[in-house]
Structures are given as C-alpha cells and as structure tokens.
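Some notes on the structure that comes next.
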Amino acid sequence: MLKLIRGRSEAHEQDLEAVSRCVYEHAPLGYHGFLHHGEPISMTSTARAFRTLLTSHASLTRDSSRCDDETDDERRQSTETIMSLALDLDYCLLLNLRDSGFMIQAIHHLKITADCMMQTYSGNIAMPHPSEKTIHHHRKDGWFLTYKKILSFVVLIVIALIVAGLIGWNIGTMPKARIYDPLALIEDDTEESEVIVDSISPFVHPLRYRLELMPPTDSVNATSKLKGRVVIEFRIDDTPSLNKLSLNARNITTTRYKLLFMEENNARGKRRRRRHADNSNSDQKLVTSADNATTLNLTVTSSSPQLENQKGTVENVTDYPAVTNVTFFGNETSSRGENSSVTTEASANATTSGPTSTIVTSGNGNVTEVEIQRYEVDANNGLHVIHPASAMSPGTYSLEIDYEILPDGKAIYSASFNESSEGKLLIGTRLKPMGASHLLPIFDDVNLKAVFSVSVARVRGARVLSNMPLNVSTNTSDDWMMDIFKDTPLLSPHNLAFVMGEIESLGTTKAGSDNATATFWGDPKRRSRGMYLLDKLEQIVAFLSDVFSMRYPLPKLDIVALPSRIVDNAGSPGLISIKQSLFYAADRSPMVTKTDALSTLISLIGEQWLGGVVNMNNWTDVWLLEGSMLHLRHVMIEKIDSLLDSSHAFLTDVQWDAMEEDGYSVSRPLRSNVNLANMDFSDDNNRHKKGACLIRMLHGAINDTAFRNGYRKFVARWNYSTATIDDFWEAMAEETVDLPTDIALSEVMNSWISHRGYPIVSVRRDYEKGTAAIEQQRFTYEQSLSDTQPTWYVPLDYINKTSNDWSSPTKTWLHSEAEMTVDNVGAQDSWVVFNVNKTGYYRVHYDEKNWKLLTKALEENHEVFPEETRASLVDDVLGLAAVGLTKYATAFDFIKYMQMKERHYAPWGALMRHLLKLNGLLYETSGFSDFQVVLSYLGEKKQINSEFTLKFTSQLYSDAGWKVDEGSRLTLTALTIACAFENAECLEWSRNHFAKLKDHPDADEVVPAYAREVLYCTIARYGTRNEWNYFVERANSTTDQEEKYRLLSAFACFQTPWILQSLLSELLEGKMYNEEETQRILKSFPQNPVAAQIAYKFVRNNWQIMVTRFSKSRPTLKAFARATMNGLISDEDLEDFQTFSGDNLESIKTVGYTMAMVEAHANFAITWLKQSLPEVQEWLTANNATQTST
C-alpha cells in the first residue's frame, strides 16, 4: 500500500486533502483517536495522521501472518484505528473523491487488516472483543457514531413520526359530540319531502285526452316499444300569456308534434264549476261544459256526460310535412326541417323519425296552427317542455303528439299466464300514483281531471279492457283491429287503465241494483275450483252504495286475474286487477286466503268511489281515502261473510302496526309531506293504517248515523272533483251533534294529524269516592320528555262491572288541559275499562288495583269482555310494561287466563307481537332460555295459590295449530308462536312437510300458501349450507312470484353469519335480485337479531358504495337502512352508530326518517335492557323455580 500511495502521491494529493478535510469537518462523525495526543486538531494534522497511518499499516496487507507477531496492545490499537479509519473513509469517499479508485483500494486493504485482527481476537479466549467499552474516545469528550447507531437513530425518528401521526389521527377521529338529534335529522329529511310536479303551469287546464295505443307487433320484451298518439285539448286562462307548455313524460320519445289554437276564451259558453265560488284553495277550475268546443276525434265522435253541449265533429284529416329541426343535447339523432325542434336535456339519447303528420281542422275551420320554436326533453325530471315562437294567449288549444314508449315493467307491465314464460302475454297498466307519464305525455296532477277517449289496437283473438265499455271495433288490417271505448267521466290521470291479452270471461254478476255488470276475466287454460269472490261482489257493491248513498258510478266493472309473475293488485274506475292466489280463492280455500281475497276486493271496489269519484287535491292527504277504505273493509268483512269473523281484527291487523311505529319519538305526523315517487299503496303502509285508526276513532266518537250521513254528504258534494281535509271535516261536522259546544270537529281532528305519536291516558281511581283523575301525556318507547308536551282532544268512553251494554259506553271528552276528574266511574270492587274496543287511538294506564280487578274478572269469565276489548287490554298492559309504567309481573299475571280459555284471534294476535318483541330483546341475555322455557311450559296444570298456570304455546298449538287446512288466523298465530319458541311438535311438523315439499311438484297440496312462510323461516332458522342452497335454487327457478317472495323472506331467518354476509354482498352487487326482490329480502332482517346485527356492520362498512349504487333507487337504500333496525343493543353500538351518522350526515339525510327510527329503536332497547331486564329475569327465575319444585 505504501508503494501504491507513493506511486500515486502526486496524482492523488488533492484526493487525500479532500478526505482529510472531510474527516476534519465531520469530526463528530469520525473517530480521531489515531491523532497524536496533545496535537491541535486541524486539517493539516488530520492529513498527516492519515499518511502516517496508511504508511505504518501498509505492510500488514502484504502478509497477514504478521498479525501473529503483534502484541495484544498493538493489535487492539491497530484494530480500533483501522476500523475507525474505514468508517471515516467510507463516509468521506461519498462526499469528496473525484476519482475514487485510489482510496477504495486503500479501504480494501484496511478492511483486510481489520479482518486479520478480528481473527486474532476470535482465536484468543482471554482477549476481550473490541467494543465501545474498550474504545477510548478522546478529542475533548467526542463520541463515536456507527452505522448501526445512525440506522437506529433514523428508525427511531420514523417511529416517533408514525406514533405522532397515529395519535393525531385518533384524536381527530374520536367520537365527537352529536352534531344533530333525530328530530333535526327528520326536519332536514329529503326522503319524505313532497314531489311537486315541476313546471306545470297553474294556468293550464286539460279538458280531454284522445289516446291511441299500438302494442308491438311481436312479443313484448325489454326492448319492445309501444307506439302512441295523443291529442290533448286544454284551456289556458287566468293569465295574459304563457311562454311555455310543460308536460310530464318518462321513457317516452316524441316522433311528431303539432300545436293548434282552437278558440278564444270569450267565445266559450258558460262553465259549471265544481267548487264553491268562494273557495280560495281551489287549484283547478273544473270545466264540465264547453259550447262550440272543437273536439279532435281521430276515429269516431262521442260525448261525455261531463262536457255539456259538447259539439263533436269529424275532422278533415290531411297530410302535413314531417317534424323537422330536431336537435338534442348529447348524442344527436334527428330529422331536420323547419320551425320546430326537440331538445333532449340531461342524459337522454332519444331518436326521432319523421312520419307523415296530419292537420286537424274543425268543421267551421276555426283552427290556427301555433309555431313551435323549441321542444325540450328533460329526462331527469320527466318533463317535455314546448316553447312556442310567440306567447300563448288565453283560449282553447289542441296539442297532438306521436311518440314511442319503452315499458318499464312497473307502470306498464307484461307477463305470460304460462309458467314457462312463453306464449301470449297479458299487457296492462298500474299508473297509481305517478305512472300516467309513462303511458302518454300528460299534465300529471291529481287535481287536473279530464275526460279520456281511449283507442287500443289489438291482434284478432286478443281482448282489450279499459275503464269504460267498448264502443266500437274497426278493422285496420287482416290481423289487427282497433277497439274504441266510450269516453270516461272526469278522471285523474293515475286512474286511466287498460289490459290486453288472450283472456276469457269466467263469470258475470250484477254490480249493484242497476244494470251495471261485473265480469271476471282470467286465463282460459286454467281450471277453477269455484270462485269465492264472484258470489260476494254484488253484496260488496250494495253495501258501499248504501254507505255513500250513491249507486255504482260506471256502467260496467271488469275484474282481471293477473299472471303469477305479477303480485301487485291494481284498482281503477271500471277495471280491477287481482293477483292469482286471491282471484281464484274458492269456498274451500283456507279462511286466511278468503279473508285476504275479500278484503282486497272490498278495497278495490271502494276505490271506485273514494279515489275514483272523489279525489284529494294533494297526495299528502290521500291517507283520508285509503284509511277510510281500510276501516270500512274491516267493518264489512263479517257482514258479508260471518264465518270470517274470527279471522280478522282491526286492532291486531292494523292498529298495532300503526301504534308501534308511532310510539317512537321520531314518528311522523300525518300532515308531513310525502314523496310521490316512493309512495306505497300496499296494506303495509303505516301512514294509511294510522289514517284508518283516526277514521275509526271519528266513527266511534260521533256515532254511526252521523258518520254515514257525513260521508254521503262529502261524496255528493265533491263527486268527480278534488277535496281537501277541511272539506271532509266540514261535511262531518254538519252531521255531528255529540260534540261539546266549545269544541269544533276540525280542531279535534287536526290535533291528531298535526302531532307526532299518540297519548297515554292515565286513570287514577279514588275508590272511596268513585271518581277517577284523568290526564294525558305523549307515549314514547324511549320515555323521552320534550320541553313542550303535545296535547290532543281525546274522546273518552268507559264501562264498568255493573254495565251490560258494551255498544253504549259512557262518553266524554278530555280537552287539551292536562287533567280532569270523572265522577261515578265504578264501585270499590268494580273494574273500569276506558277506550272500549280501543276505538280511540291511545293507550290507557290504570292503577295497580284496577289491573288486578281486571285480571280476576278475566279469569272468572273472559267472555264478559268483547274480544277486541280483551285484545286492547293485552296490548296496553304489555306496552306499558315495556316502558316501565306497569310491572311485568302484573302483565304476565294478566295474560295467564289466555292459555286455556282464550281462543279468539284478536287477543292472541296482540300477544304474539309483544312476545316476539320480547324474544328479540332477550336474545343475547341470560334470560333468553328461561323466557322460552316459561312460555313453553308456563302453567302446566299445578296448583299455585289456588291458581293454575298453563302450557302456553303447547296448549294453543294442540288446540289450533294442527288445523292447517282450515286455515284460520288463529291457526297461523299458533304456528308462528310455537315454531318461534321451539315447540317440539311444531319443529317436527316443519321438518316433515319440508321434506315432502322437495319431492312434490304442487306445494299447495303439501302446505297451504299462507303457512309456507312460517315453514320456510323455521327451516332456515336451523338450516346450514344444504338448506341455503335449496332455498336459493328454488327461489330462482319458480315462476310464481308470490312463492318466490315467501322464499326470499325466509333468507333472513338463517343464523349462520357467512350465509347472511354473502347474501348482503349479493344484494349490494345487484345482479341476482331486482329492486323489489332486494327490498323484500331486507324487510325480514329486523325480525332476526343475528341478521340485524350483521346488517348494521355491513351497511356501516359499505355505506358510500350503497349511496352511489342506489342513488336512483331510494326505496332500496331505505331498505338497507331499515335492515339494521334491532341490530344495535349496547351503548357501544349506539355510540358507533351516532359516529357513523355524523360522519355521513349529508348522505344519511336521504333516508333520514329511517335512520332516525333505527336510532330510536336502539335507545329503547338499551334503556329496556338496563331498566326492565332485571325485573323480567327475577320473574323468570321465580317461575322456573316454582315449576321445578312442582
């Protein structure tokens, strides 16, 4: 090395100086022990030391054997020095050397020397290994930093930064204080905000729609289009001019249009208005006469009874050029010409063609064409906007549009009666509430009633039915005919309907006392075992005609059986469609099936008056009509078929559901707005159920005669028009005589529709004086008390032990004051019952003594009390126990009479709902097993304090559960309770019949349809992979949509987490199930605590994906949110939910009401587990101990 250094000393002197300078400048990073003691540290001394060191150790690299000749001290000194030098040189080489070859070789030799020294140390046991402890640092307390230390220091800094970041992130994501409360969330809720028909001018009043429809020439499929032509006659008034005309239209492509001015308003004759002249709330002037009005009848001339002195003329039809200048926003495909244009906004990709067009002129030629400057299509909002070249002045106009329809499967459906989905199709419409815009361009508002003239083309052999009777059929070709129907009376757009297909008449009957005929239509290839509804229809029409004091309003009524793939019933004036399972109900069908069929037909026929003749002027108030029919059908069922008396109960089927949802603090008042796009007209609509409860309460409060007369006056006053809630109260008030003079009926009822929830009426008796102190407060499951408590005008009725007439209880009113006193309520030993048959929409809380008197009376003779009063008491005592107002011991003692004595559906139906709710609350507690044991064996015949307790579910199942073929509602209740609480006989029945179902092609012959949902859920509850695979395969292969829904509802009954998790993933992906099926599956999740908990975690982790994927399907997003209900059972769950809601507040608002209800359920469950669980466990332990000793 010395030779190497000397040979290149001049060439590398600069390098050596650079290295020396580096070591000197970075002395703290290097080891300078090789410097001479006492010599000042400088760049010069450092360079000199380098040269000395390299020279003195160069010889070591020639012969490693020299290592053995050095003394121990020399070896130690040399090794330490060389190791330090190597570190310094490595560092400085990276910074300074221009030509690193020389120094790299030097370092190489130094490392060889160090290795030599290390070998010596390793071979000498007595010699300690060089370490930091043996290295002496000089240079004024300097310190030595190795690569290991550098790396450790860097790693330490990185770790510190990471830890600091994690701490900051945790602080930032720690649960914050709530930035909203549930009520605030609901106030901002966009889910239930009313959809206003955008941009429809209040100055436009449609008079008549002349509609022609041409179905596809081939079979209907996803890409098939219907062709249509509509001529709209409308009037413009109450404005100097109108610059645009907006119509509602969805999935409609316009191919031709023409606007004609027919006459000025001052040329019109007298108009007869439907509303009072002083009614400032009128949004529409209903025209029922039009002198010299030009009609645009394309085929035949016909008149409407609602258009007085209407002059119909056959027009001269001439060709005119195709529509031109059609332009679009987006992808453009158009035919061009002059003076007109179609502009499609948003994302629509429409195509227009240019067929020949016609100019329609009236007999007197008084028609002027209006130039259209622009025709815009706003696909997102479902609007077609026409911009005339000049403003439109008041007068009568005619707008003719040719168009094509792409059916959506909802408003316009098609399905085959054949299970193989092959063969002839049935095409029909379901336009309620906002589906008319899917059938034709229209002014789609419930207020805008008009006359409809309908013509539908069909192939020979098919049949078309519409609202009105057929007027004439004409041949259009060898294979096609055009059916032209008579004009309708004034109808709201959603009431328009037609059905077309190869159907045949299965029977006819009279529709009331007049000459109107009702015809039942169905699949000609299906054989019926008899038609239960055919025999009942005339009675239904007669009863409703008497209620409304108005004969059936149309000349005919058609009832059509829907294919098995269509399960939604539809009712329009003159035309009703009913799902197969109900349409073909026979006399020997199960009672549950007959009850459902009869109640459905009553509702659909009732809509011929309420919703057909009379409409509400907005959809928010439609609960009045729907609720009225829900109430009336329960009144009518037993009058039409007395055998069904025990298979229905208003309290259990309607009122319990309404009060359950309305019992939470975040519930909605009836005055809250509704979203038309998501309106539900099924029997599951709790809004309509609450409306039915209030109508029933009004009926009981003002007596039957006043109620009937009020309804008759209301229908007569507003027939073929639209009314408001106040119009209804006014008609009822005119017939009411039982109200106190200081109370107005409208004030009474408005207190019930304006407030959330309902009251609990507390009755505290003074037994010595025979009086009772009555007060009210709002009932809520969460026991939340707001600063201001709402009050209601409460109709009170009561009866005591000495009274005998349950139909005439004593009546009074609880005003809005907080408290009142009632005298003479009963003797000391007499029980008292308020809210007889629970006609009032409230709960009653008695003192402990009165509950004991009632308990004793029921044990002695329960039939002293009407069945609905018994059901009301069962519902109240358990509902009050749930919120801690009554002891559970009192509630459980009260229901003991039922196990052996009670065999009516109403009390058992109420009890079943409370038991299932308790079962869910106890699911993850130590009391769950005891609860099921007690319910299974409570009251096995044994004497305990001169009382006997009974086998609860076992005895009921033994008495009623086996009567599956008879199919009463009590049998269904017995099956539900027994299987839910693991009754051995019920589980065995489920296993045996499930095995038979697998091998039998006709499920109805094994288990009636009404009982299969209980069977499927029971099998799923204990099922694993095999059962899951069977359910999925069966659901995807069946063509019966009702059967598919039963199977889908059972999916959530599985307990295996991986099954539920995979199911939710499939629903999120959206490929296997459509939106309706997805919603059906998710609807069942809250009934299974395991499923609800898994659903919550899944929704929380995938919320943003759901919001994006279902942005155009709010009902599906709402179903996912609702699936989490009952999945939050601890404070930690609730805190996590609140954090999740706060982090996603804006997107949560889209389903704000549902999320607020989920939180309300969680608050109730957590409070109940803290406050009521110990009491229930104590009672369960005591009863189990008693049974064990016995």
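If you want the numbering used here, it's the position in the sequence shown, counting the first as 1, plus 2. Glycine included, each C-beta is placed from N, C-alpha and C at the ideal position. Small disclaimer: the values here were computed from a predicted structure and weren't measured.
As summarised for the region 505-541, the continuous beta strand (DSSP E) elements at least 3 residues long and confined to that stretch are 506-512, 519-524, given in chain order.
Annotation for A1005: L999, A1011, R1014, E1045 place their beta carbon closer than 8 Å to its own, counting only its chain and skipping 5 residues before and after. For the 7 Å CB-CB criterion, G629 and L546 do not form a contact. Rounded to whole angstroms, I704 and M1159 show a C-alpha spacing of 34 Å. Here M216 is bridged, per DSSP, to K229.
Where V1109 is concerned, the enclosing alpha helix (DSSP H) starts and stops at 1091-1111. D664 is the residue among D664, S832, K229 whose C-alpha sits nearest the C-alpha of P761. Here T622 is near V676, since their CB atoms are less than 7 Å apart.
At the C-beta level, A1121 and M1157 stay beyond 7 Å of one another. CA-CA distance, D967 to L535, rounds to 20 Å. If you draw a straight line from the Cα of S468 to the Cα of K558, it comes to about 10 Å.
Looking at the DSSP output, N250 bridges to L385, I444. With fewer than 16 other Cβ atoms inside 10 Å of its own Cβ, V474 counts as exposed. Taking 7 Å as the cut-off, the beta carbon of H650 is found closer than this to the beta carbon of T597. Each of V369, I152, N420, L1084 was checked against the Cα of Y1047, and the nearest Cα belongs to L1084. Around the beta carbon of D744, fewer than 16 other beta carbons sit within 10 angstroms, so the residue counts as exposed. Burial of S601 is indicated by the presence of at least 16 other C-beta atoms within 10 angstroms of its C-beta.
For D1135, the uninterrupted alpha helix (DSSP H) segment begins and ends at 1133-1145. Taking the Cα of R971 as reference, the smallest distance to any Cα among R915, L918, A908 is reached at A908.
In the structure shown, the three-state DSSP call for H650 is coil.
The DSSP-derived three-state label of M484 is strand.
Each of N863, N839, V834 was checked against the Cα of K851, and the nearest Cα belongs to V834. Each of H496, L816, A391 was checked against the Cα of T431, and the nearest Cα belongs to H496. In the DSSP assignment, N1165 falls within the unbroken alpha helix (DSSP H) covering 1154-1173. When rounded, the separation of the alpha-carbon atoms in R698 and H636 is 10 Å.
Bounds of the beta strand (DSSP E) holding I403 are 397-407. Going by DSSP, F585 is part of the alpha helix (DSSP H) stretching over 582-585.
A direct Cα-Cα distance of roughly 46 Å separates S674 from T1183.
Check the Cα spacing between S551 and each of V615, K488, L646: the tightest is with V615. Excluding five sequence positions before and after T1126, the CB atoms of its chain that fall closer than 7 Å to its own CB belong to A1094, A1097, Y1098, V1101, V1160, given in chain order. Only buried fits E402, as 16 or more other CB atoms lie within 10 angstroms of its CB. When DSSP states are grouped into helix, strand and coil, A464 belongs to the coil group. In the structure shown, Q610 falls within a coil segment according to DSSP collapsed to helix, strand and coil. Within the model, the alpha-carbon separation for C981 versus L920 is close to 16 Å. In the three-state DSSP reduction, D410 falls in the coil class, being neither helix nor strand. In the three-state DSSP reduction, F894 falls in the helix class (H, G or I).
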